[in-house]
Amino acid sequence: MLRRGLLALFLLASASSAWSASDSETLPIRSRQISNFEVGMSTTRFGALEFVGGLEVTSPNPLFGAVSAIRFRPDGSSFVAVMDTGHWLEGAVIRDAEGRLSGLTDLTATPMADRNGDVGLAKWKVDSEGLALREGQAVVSYEQAHRIDIYPDPGFAASTPIGSLSLPFPIGELRSNAGIETIAVSPKDSPLAGAMIAIAERSVDKADNLLAGILDGPKRGAFSVVRKDPYAATDGAFLPNGDLLLLERRFSFGSGLGMQIRRIPGDAIKPGAVVDGEVIFEADMRHQIDNMEGLDVVVRPDGEVRVIVVSDDNHSILERNLMLEFRLTTALTQ
């Protein structure tokens with residue numbers, strides 16, 4: 022994760038320390054539409070993705086920000102997200118007459134409760150980074166205090182965890198601030214038959230590949246993902262055919278921010294495998310990106326596949342909260 026400002030941390034700690042598990046806060050939101058993805062250019066096609074539109078979002082409430090993962094409901098508008106400060110974020114997108122993102126509505130934040138029902142904990146205890154939704158469950162991965170907890174869905178915002186998922190490799194192999202940032206549920210009719218997978222941000226095995234695992238189902242077991250230095254894996258989601266889109270981010274003071282998306286074949290993910298995939302999308306400081314941490318796949322009623330990515334502003338005045346939407350080209354949806 023990128024370094025937080027001390028002032029922002031103080032404000033967050035003050036805001037969350039008095040909350041209880043049943044508290045939620047409505048967040049006023051201001052949104053600015055992003056019409057062009059490449060700065061100063063009208064190009065819409067970038068690799069396998071076509072830019073549809075985007076938002077830059079701000080709020081006068083200092084709680085808002087630090088979005089690390091997002092999952093859309095089947096209606097394609099309402100969503101659940103997690104902030105790495107240990108908060109649930111719920112809301113919905115608004116679209117203009119042309120169908121482009123124009124704003125967010127009904128945005129609420131609620132502190133996450135740990136297994137003891139406590140909230141307002143030190144950040145290292147509730148550093149929520151990954152999110153997956155499946156029947157009756159909202160599943161969250163945490164780093165620093167590494168774990169994968171299961172909450173009821175609906176009802177996650179007012180509940181303690183009701184269970185957990187174990188990793189198919191020793192949890193001690195995860196680095197303190199580079200743990201599981203990607204958890205995703207495969208389609209039921211895919212090679213993984215609805216199983217959940219997890220991929221570490223930067224924690225690696227002896228061969229310098231990212232630690233990963235299939236968390237349940239008959240194929241449960243460890244696998245690994247080829248590491249693409251200097252990128253770190255920050256989120257992923259499955260396409261309808263079972264292939265995995267893996268979001269990766271890089272940062273250096275010399276080259277600035279960058280992001281890419283890899284498409285990993287679903288039938289390659291199996292215990293003991295070392296998987297890789299084609300880079301289908303790349304962007305850098307010439308484009309409207311920031312610290313891109315969350316990705317989801319949304320299938321529209323007509324079957325068109327949209328890819329939505331969001332950024333984590335780290336509660337820094339130097340970073341932005343972005344939501345960007347792309348259309349996956351038809352030739353690559355099969």
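Count along the sequence shown from 1, then add 21; that gives the number in the working numbering. Each residue gets a CB set at the ideal place from its N, CA and C atoms; glycine is no exception. On a predicted model such as this, the values are computed, not experimentally measured, just so you know.
Own chain partners of residue i with C-beta closer than 6 Å, once the 5 adjacent residues on each side are dropped
i, result
"H108", "A130 and P132"
"L76", "S52, L122 and M344"
"M128", "The sequence given here has Leu at residue 128, not Met. Cβ within range, chain order: L48, I50 and G112."
"D170", "V161, P182 and S185"
"E164", "D148, E150 and G200"
"A258", "A205, L266, L316, D317 and V318"
"R271", "P251, Y252 and G279"
"K146", "A166"
Cut-off 7 Å between Cβ atoms - residues of its own chain near residue i, not counting five sequence neighbours on either side
i, result
"R116", "L122 and S123"
"R248", "V225, D229, N230 and L231"
"P81", "P49"
"A118", "none"
"L142", "G107 and D135"
"G97", "V319 and R321"
"E194", "S224 and L232"
"S59", "According to the sequence displayed, residue 59 carries Glu and not Ser. Counting only Cβ-Cβ distances below 7 Å, and skipping sequence neighbours, we find R307 and H308."
Top-ranked residue by Cα proximity to residue i, from the options
i, options, result
"V328", "L265, I290, E222 and H336", "L265"
"R321", "V60, D226 and P95", "P95"
"A296", "R283, D317 and M62", "In the sequence on display, residue 296 carries Val and not Ala. Nearest of R283, D317 and M62 to V296, Cα basis: R283."
"T47", "L110, K144 and L339", "L110"
"I338", "N262, K146, G86 and Y163", "G86"
"V225", "F274, P212 and D250", "D250"
"G279", "G287, I285, A289 and L268", "L268"
"A216", "I290, V73 and D311", "I290"
"G61", "A243, Q309 and E346", "Q309"
"S273", "K144, D311 and G263", "D311"
"G157", "D148, Y172 and Y163", "Y172"
"S45", "M313, S98, A134 and D334", "A134"
"E202", "P191, K240 and A219", "A219"
"I192", "T64, S180 and H167", "H167"
"V246", "L236, R223, A258 and G120", "R223"
"A243", "N335, F100 and A221", "A221"
"D237", "N198, S187, S197 and G120", "S187"
"L125", "F100, V140, D139 and G138", "F100"
"I180", "G138, G120, D334 and G324", "It is Ser, not Ile, that sits at residue 180 in the sequence shown. Selected option, being the one with the closest Cα: G138."
"I16", "E194, R341, V330 and E340", "No answer is possible for residue 16: the residues shown for the chain start at 22 and end at 355."
"R5", "F190, Y252 and G275", "In this structure the chain extends from 22 to 355, so residue 5 is not present and cannot be described."
"I285", "A254, S276 and R271", "A254"
"S197", "S211, P239, K144 and D210", "K144"
"G120", "G234, G74 and F93", "G74"
"D256", "S276, I55 and Q281", "Q281"
"F93", "G234, A159 and I55", "A159"
Integer Cβ distance of residue i from residue j, believed to fall under 8 Å
i, j, result
"G315", "A102", "7 Å"
"V78", "M104", "Rounded, the Cβ-Cβ distance is 13 Å, inconsistent with contact."
"L213", "G287", "6 Å"
"S332", "M313", "5 Å"
"S211", "G263", "3 Å"
Cutoff 8 Å; reference residue i; Cβ partners in own chain excluding five residues on either side
i, result
"V326", "L260, P261, V318, V319, V320, R348, L349 and T354"
"I55", "G74, G75, L76, E77, Q309, L343 and L345"
Interface flag, residue i vs chain C, CB-CB below 8 Å
i, result
"F272", "The chain labelled as chain C is not found in the depicted structure, where only one protein chain is given."
Does the pairing of the segment 68-77 with the segment 299-310 give three or more beta-carbon distances under 8 Å?
-> yes
Could you tell me whether the segment 228-241 touches the segment 176-183, where touching means 3 or more Cβ pairs closer than 8 Å?
-> no
Could you tell me whether the segment 200-207 touches the segment 152-168, using the rule of 3 or more Cβ pairs below 8 Å?
-> yes
Every unbroken beta strand (DSSP E) within the segment 60-101, with a cutoff of 3 residues, ordered by chain | 70-79 and 88-93
Where in the segment 179-232 do unbroken runs of the beta strand (DSSP E), each at least 3 residues long, occur, reported from the N-terminal end onward?
-> 201-206 and 217-225
Uninterrupted beta strand (DSSP E) stretches inside the segment 267-353 (no shorter than 3 residues) = 277-285, 299-304, 313-320, 326-332 and 342-349
Which runs of the beta strand (DSSP E) spanning at least 3 residues fall entirely within the segment 137-172, listed in chain order?
-> Correct list: 148-155 and 158-164.
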